[in-house]
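Novice:
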Amino acid sequence: MLKGIDPLISPDLLQVLARMGHGDTIAIVDANFPAASVGSRTVHGQPLRIDCSVPRAVQAVLSLMPIDGFEPDSVVSMQVVGDAEAIPEVVAEARPLFAAEGHGTTGVERFEFYRLAGAAFVILHTTETRLYGNFIIRKGVVELSG
């Protein structure tokens, strides 16, 4: 344990977040997501597990990582198949976390989401059971004063 770091952030996740650079992405996904097969294509090469809901995982990650302010679609979610305008409960619950950082979410079609997740630095696989609880977040720049 370290002071000031969310207890959900494992040593492996802390190392991965530190290794990510500006513009790299992290996919935070629900329990139904094919994390092992898609995760094998990521930079990290395998998914990391976090035992919590998607909104709680988003909260933990955003406590350490800024969202990219240079790209318009720095937070992407998976659209509901057959109803691209639907807002799943888990997405509605997580949106205020992104809004607090000055960002909205952009929905993409399921197979496009899989493609983007495979190009991510890492997939963070949660125990979230609600459907369509999947986000990809682009890392921003950490600005240090002094």
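Under this note's numbering, residues -13 to 132 are what the sequence shown spells out, in order.
Backbone N, C-alpha and C fix where the C-beta goes; we use that ideal spot for every residue, glycine too.
Answer with buried or exposed for Ala103, where buried requires no fewer than 16 other C-beta atoms within 10 angstroms of its C-beta.
Specialist: Ala103 should be labelled buried.
Novice: So what does DSSP say about Arg35, is it helix, strand or coil?
Specialist: Looking at Arg35 - three-state DSSP - the assignment turns out to be strand.
Novice: Which residues does DSSP list as the beta-bridge partners of Ile73?
Specialist: According to DSSP, Ile73 bridges with nothing at all.
Novice: Phe99 and Met64 look like a contact to me (Cβ under 8 Å); what is the Cβ gap, rounded to whole Å?
Specialist: Right, their Cβ atoms sit about 4 Å apart.
Novice: Buried or exposed: where does Ile(-9) fall if 16 or more other Cβ atoms within 10 Å of its Cβ makes it buried?
Specialist: Classification for Ile(-9): exposed.
Novice: Below 8 Å, how does it come out for the stretch 109 to 116 and the stretch 83 to 100: are there three or more Cβ pairs, yes or no?
Specialist: Verdict: no, contact absent.
Novice: Taking just the CA atoms, how far does Pro58 sit from His89?
Specialist: So the alpha carbons of these two residues sit roughly 9 Å apart.
Novice: By alpha-carbon positions, which one of Ile73, Val62, Gly126 ends up nearest to Leu48?
Specialist: Answer by Cα proximity: Gly126.
Novice: Would you call the CB atoms of Leu34 and Val2 closer than 9 Å?
Specialist: Their beta carbons are under 9 Å apart, which means Leu34 touches Val2 by this criterion.
Novice: Restricting to Cα atoms, I'd like to know which of Asn120, Ser26, Gly119 is closest to Val108.
Specialist: The shortest C-alpha separation from Val108 is found at Ser26.
Novice: Please report the straight-line C-alpha distance between Asp16 and Leu0, rounded to a whole angstrom.
Specialist: Those two C-alpha atoms are separated by around 20 Å.
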